[in-house]
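Chemist: Mapping of the sequence shown onto the UniProt record's numbering: position 262 corresponds to residue 262, and the numbering continues sequentially without gaps. Beta carbons: idealized from backbone N, C-alpha and C, even for Gly. Have a look at this one.
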Amino acid sequence: MGAGQPNSGGSGEPGPVRLLGDGVAALMAVLRAAGREVIGPTVRDGAIVLRPLKRPDDLPRGWHDRQEAGLYRLDWEDRPTRFAHAAPAQGWKRVLHPPEACVGTAYRGGIASSAEGADAGPDGPCWAAPEASPPLRAFFGVRPCDLAALSVLDGILANPAAGYHDPAYARRRRDTLVVAADCASPAATCFCAGMGTGPGVGDSGFDVALTELVEGDAAVYLARAGSPAGAALLEAVEHRPASDAERAAATDQTVRATKAQTRALPADPRAILARATEHRHWADVAARCLACGTCTLACPTCFCATVEDATSLDGVTAARTRRWSSCFTEAFSYIHGGAVRGTRGARYRQWITHKLSAWYDQFGTSGCVGCGRCVTWCPVGIDITAEVAALSETRPSHRRRGPARRPVDGSATPRRRKDDPPAP
1 MGAGQPNSGG
11 SGEPGPVRLL
21 GDGVAALMAV
31 LRAAGREVIG
41 PTVRDGAIVL
51 RPLKRPDDLP
61 RGWHDRQEAG
71 LYRLDWEDRP
81 TRFAHAAPAQ
91 GWKRVLHPPE
101 ACVGTAYRGG
111 IASSAEGADA
121 GPDGPCWAAP
131 EASPPLRAFF
141 GVRPCDLAAL
151 SVLDGILANP
161 AAGYHDPAYA
171 RRRRDTLVVA
181 ADCASPAATC
191 FCAGMGTGPG
201 VGDSGFDVAL
211 TELVEGDAAV
221 YLARAGSPAG
231 AALLEAVEHR
241 PASDAERAAA
251 TDQTVRATKA
261 QTRALPADPR
271 AILARATEHR
281 HWADVAARCL
291 ACGTCTLACP
301 TCFCATVEDA
311 TSLDGVTAAR
321 TRRWSSCFTE
331 AFSYIHGGAV
341 RGTRGARYRQ
351 WITHKLSAWY
361 DQFGTSGCVG
371 CGRCVTWCPV
381 GIDITAEVAA
391 LSETRPSHRR
401 RGPARRPVDG
411 SATPRRRKDD
421 PPAP
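Next up, the structure:
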């Protein structure tokens, strides 16, 4: 095929291709024709969120976000861009690992014999698992940081070698096609560049990767396949090989997005947190933290959940429901006699230490992808990058070194220095 010639098939040429016409609309049409529910970013209630998309106009054309610690705003300009925003307010885990999901329903023997997926008991079916066949889905416009988050969740919830395998997550993930999009407009809260998770889409984890460029008053799209399914999708839409100038423009755009990021975690946060279990800075965090759990809800990799059982009034059925949980609640660490982590400082320490340090011990990677959601959506603007920096710089411990000092009068009460922490 000659360079610059339209093609409706044969996407085997190396490197990215340029989609002809409205490439985004064409991709969405092919996905919907294949029976897939297309889920992507759209504007709802003053934020860019993830929802099913019925048409290309549902994408946030002209919208861009302003994010700071504890602040989120949307602004609109008459521009053709559909992806001129940072990470949406929600992560994709809400689709694959939903906030609330029925694990199954138990029936008395002989009741509901036609329940789908029911396991037979001695007197008939007694247990039915829902969603045996989840719908076919396509995730559209996945940011690089969220692509990394999907990889993290896959390694935990869809990896039997990790010691836990969630069949429901695995089914949803297996039937999902991923269309990623480079991030050209990182927010002030983003630090994906320092985490190695963006702003450009890498070489794996997606079926199709898009790059949005602006030419005059129009948006154009470069695309590359990351899987056989992605190659088949590109074959179904008109395209030509991307020119050298278009490839260079895509590279320059990613370089600018990288340089635009000003936040970053200090070097080796894993070691910093491992040394900081008794750090005096936890008291400072506790004075600001509301223990609301918003950071765990916004985080695209937090996966903790609890299970609740509810029985019908007639005693015929009992439903088991799994709901998201948060390590910031007192009940999360409750055992017989009380909660293990009774203070806000202890709960924040648990969250950040697990995310940036202990996660390596469990799963061999960081639990943070640098999306910045926990910074943006914290009501009081607690910044994870600033907190780790503080833990690396200030005096590390409340504990005294050496014997306690006695006052000159010989009493047993040590004399407090002005820089000693307040008494509990």
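#1: Mind checking which residues open and close the alpha helix (DSSP H) that includes Phe332?
#2: Please name the residue or residues paired with Gln67 in a DSSP beta bridge.
#3: Within the continuous beta strand (DSSP E) that includes Arg51, where are the two ends?
#4: Using CA coordinates, which residue listed in Ala257, Arg173, Ala161, Pro228 is at the minimum distance from Ser133?
#5: Does the beta-carbon of Trp76 have 16 or more other beta-carbons within 10 angstroms, so that it is buried, or is it exposed?
#6: Would Val369 and Pro269 qualify as a contact pair, given that the criterion is a beta-carbon distance under 9 angstroms?
#7: Which residues bound the alpha helix (DSSP H) around Pro241?
#8: Which residue wins for smallest C-alpha separation from Gly200, given the options Ala188, Ala181, Phe206?
#9: Gly40 CB to nearest chain B CB: under 9 angstroms?
#10: Which whole-angstrom value describes the C-beta separation of His97 and Tyr169, a residue pair presumed to lie in contact below a C-beta threshold of 8 angstroms?
#11: Quick one: any contact between the stretch 135 to 149 and the stretch 194 to 209, if contact means 3 or more CB pairs under 8 angstroms?
#12: Anyone know if the C-beta pair for Thr189 and Arg73 falls short of 9 angstroms?
#13: Just tell me which of Ala318, Cys327, Gly338 has its CA closest to the CA of Arg344.
#14: Taking a contact to mean a Cβ-Cβ separation below 9 angstroms, would you say Arg18 touches Glu246 in this structure?
#15: When you compare the stretch 257 to 265 with the stretch 46 to 62, are there three or more beta-carbon pairs, one atom per stretch, that lie closer than 8 angstroms?
#16: Please list the segments of the beta strand (DSSP E) lying wholly inside the stretch 285 to 322, counting only runs of 3 or more residues, in order along the chain.
#17: In this structure, what does DSSP give as the bridge partners for Thr176?
#18: Using 10 angstroms around the beta-carbon of His336, count the other beta-carbons present and answer buried if the total reaches 16, otherwise exposed.
#19: Quickly, what does DSSP pair Arg82 with across the bridge? List them, please.
#20: Verify the contact flag: Arg344, CB atom, against every heavy atom of the ligand HEM, threshold strictly below 8 angstroms.
#21: Just list the residues that DSSP pairs Leu210 with in beta bridges.
#22: Taking C-alpha atoms, which residue in Glu37, Cys295, Gln90 lies nearest to Gly70?
#23: For Cys378, collect the residues of the same chain with a Cβ closer than 8 angstroms to its Cβ; drop the 5 residues on either side in sequence, then sort them by chain order.
#24: Provide the residue span of the alpha helix (DSSP H) that contains Thr376, from first to last.
#25: Going straight from the alpha carbon of Leu210 to that of Gln67, what length do you get?
#26: Using the beta-carbon count (16 or more within 10 Å), is Ser366 buried or exposed?
#27: Starting from Cys145 and walking both ways along the beta strand (DSSP E), at which residues does that stretch end?
#28: Are the Cβ atoms of Leu233 and Ala225 separated by less than 9 angstroms?
#29: Report back the beta-carbon spacing between residue 425 and Pro16 to the nearest angstrom; my notes put them in contact at under 8 angstroms.
#30: Would you mind stating whether residue 511 and Gly198 have Cβ atoms separated by less than 9 angstroms?
#31: Tell me, which residues are paired with Gly21 by DSSP?
#32: Report the CB separation of Ile384 from Arg288 in whole angstroms; it is logged as a contact under 8 angstroms.
#33: Looking at the structure shown, is Val255 part of a helix, part of a strand, or coil, going by DSSP?
#34: Who are the Cβ neighbours of Leu20 in its own chain at under 7 angstroms, not counting the five residues just before and after it?
#35: Spatial neighbours of Ala250 within its chain, please: CB distance less than 6 angstroms, with the 5 preceding and 5 following residues excluded, ordered by chain position.
Modeler: Quick answer:
#1: In the sequence shown, residue 332 corresponds to position 332, counting from 1. No alpha helix (DSSP H) holds Phe332; DSSP gives it neither H nor E.
#2: As a position in the sequence shown, residue 67 is number 67, starting the count at 1. Answer is Tyr72, bridged to Gln67.
#3: On the sequence shown, position 51 is the one that residue 51 refers to. From DSSP, the beta strand (DSSP E) with Arg51 extends over 47 to 52.
#4: The residue labelled residue 133 in the question sits at position 133 within the sequence shown. Closest by alpha carbon: Arg173.
#5: Residue mapping note: residue 76 aligns to position 76 of the sequence shown, counting from 1. So Trp76 ends up on the exposed side.
#6: Taking the sequence shown and counting its residues from 1, one reaches residue 369 at position 369. Taking the sequence shown and counting its residues from 1, one reaches residue 269 at position 269. Taking 9 angstroms as the Cβ cut-off, Val369 and Pro269 do not qualify as a contacting pair.
#7: Locating residue 241 in the sequence shown gives position 241, where the first residue counts as 1. Here Pro241 belongs to no alpha helix (DSSP H); instead the beta strand (DSSP E) covers 239 to 241.
#8: In the sequence shown, counting from the first residue as 1, residue 200 sits at position 200. Closest by alpha carbon: Ala181.
#9: Absent here is chain B; the protein component of the structure consists of one chain.
#10: Within the sequence shown, the letter at position 97 stands for residue 97. Within the sequence shown, the letter at position 169 stands for residue 169. With 8 angstroms as the limit, His97 and Tyr169 qualify as a contact, their Cβ atoms being about 6 angstroms apart.
#11: Touching, yes.
#12: Here residue 189 corresponds to residue number 189 of the sequence shown, with the count starting at 1. Here residue 73 corresponds to residue number 73 of the sequence shown, with the count starting at 1. No. Outside cutoff.
#13: Walking along the sequence shown from the start, residue 344 turns up at place 344. With distances taken between Cα atoms, Arg344 lies closest to Cys327.
#14: One-based indexing of the sequence shown puts residue 18 at position 18. One-based indexing of the sequence shown puts residue 246 at position 246. Yes.
#15: The stretch 46 to 62 and the stretch 257 to 265 do not touch, with fewer than three beta-carbon pairs separated by less than 8 angstroms.
#16: 305 to 311
#17: On the sequence shown, residue 176 is found 176 positions in, with the first residue counted as 1. Bridge partners of Thr176: Arg137.
#18: Position 336 of the sequence shown, counted from the start, is the residue given in the question as residue 336. When all chains shown are included, His336 counts as exposed.
#19: Taking the sequence shown and counting its residues from 1, one reaches residue 82 at position 82. DSSP output for Arg82 lists no bridge partner at all.
#20: The ligand content of the structure shown is nil, which means the ligand HEM is not present either.
#21: On the sequence shown, residue 210 is found 210 positions in, with the first residue counted as 1. In DSSP, Leu210 forms a bridge with Ala181, Ala223.
#22: One-based indexing of the sequence shown puts residue 70 at position 70. When each option's Cα is compared against that of Gly70, the closest is Cys295.
#23: Walking along the sequence shown from the start, residue 378 turns up at place 378. Cβ neighbours of Cys378 beyond the five flanking positions: Ala69, Gly70, Thr294, Cys295.
#24: Counting from 1 along the sequence shown, the entry for residue 376 is found at position 376. From DSSP, the alpha helix (DSSP H) with Thr376 extends over 373 to 377.
#25: Position 210 of the sequence shown, counted from the first residue, corresponds to residue 210. Position 67 of the sequence shown, counted from the first residue, corresponds to residue 67. So the two alpha carbons sit approximately 23 angstroms from each other.
#26: For the purposes of this step, residue 366 is identified with residue 366 of the sequence shown, where counting begins at 1. Classification for Ser366: buried.
#27: Along the sequence shown, read from residue 1 onward, the residue named residue 145 stands at position 145. Per DSSP, Cys145 belongs to no beta strand (DSSP E); it is in the alpha helix (DSSP H), 144 to 157.
#28: Locating residue 233 in the sequence shown gives position 233, counting from the first residue. Locating residue 225 in the sequence shown gives position 225, counting from the first residue. Yes, the pair counts as a contact, with Cβ atoms nearer than the cut-off.
#29: With the chain covering 1 to 424 only, the question about residue 425 has no answer from this structure.
#30: As shown, the chain starts at 1 and ends at 424. That puts residue 511 outside it, with no answer to give.
#31: As a first step, residue 21 must be located in the sequence shown, where it is residue number 21. In the DSSP output, where bridge partners are listed per residue, Gly21 has none listed.
#32: For the purposes of this step, residue 384 is taken as the residue at position 384 of the sequence shown. For the purposes of this step, residue 288 is taken as the residue at position 288 of the sequence shown. No, Ile384 and Arg288 are not in contact; Cβ-Cβ is about 13 angstroms, not under 8 angstroms.
#33: Position 255 of the sequence shown, counted from the first residue, corresponds to residue 255. Correct three-state label for Val255: helix.
#34: Taking the sequence shown and counting its residues from 1, the one referred to as residue 20 is at position 20. Pro6, Glu238, His239, Arg240, listed in sequence order.
#35: Working through the sequence shown from its first residue, we reach residue 250 at position 250. Hits under 6 angstroms: Thr211, Leu222.
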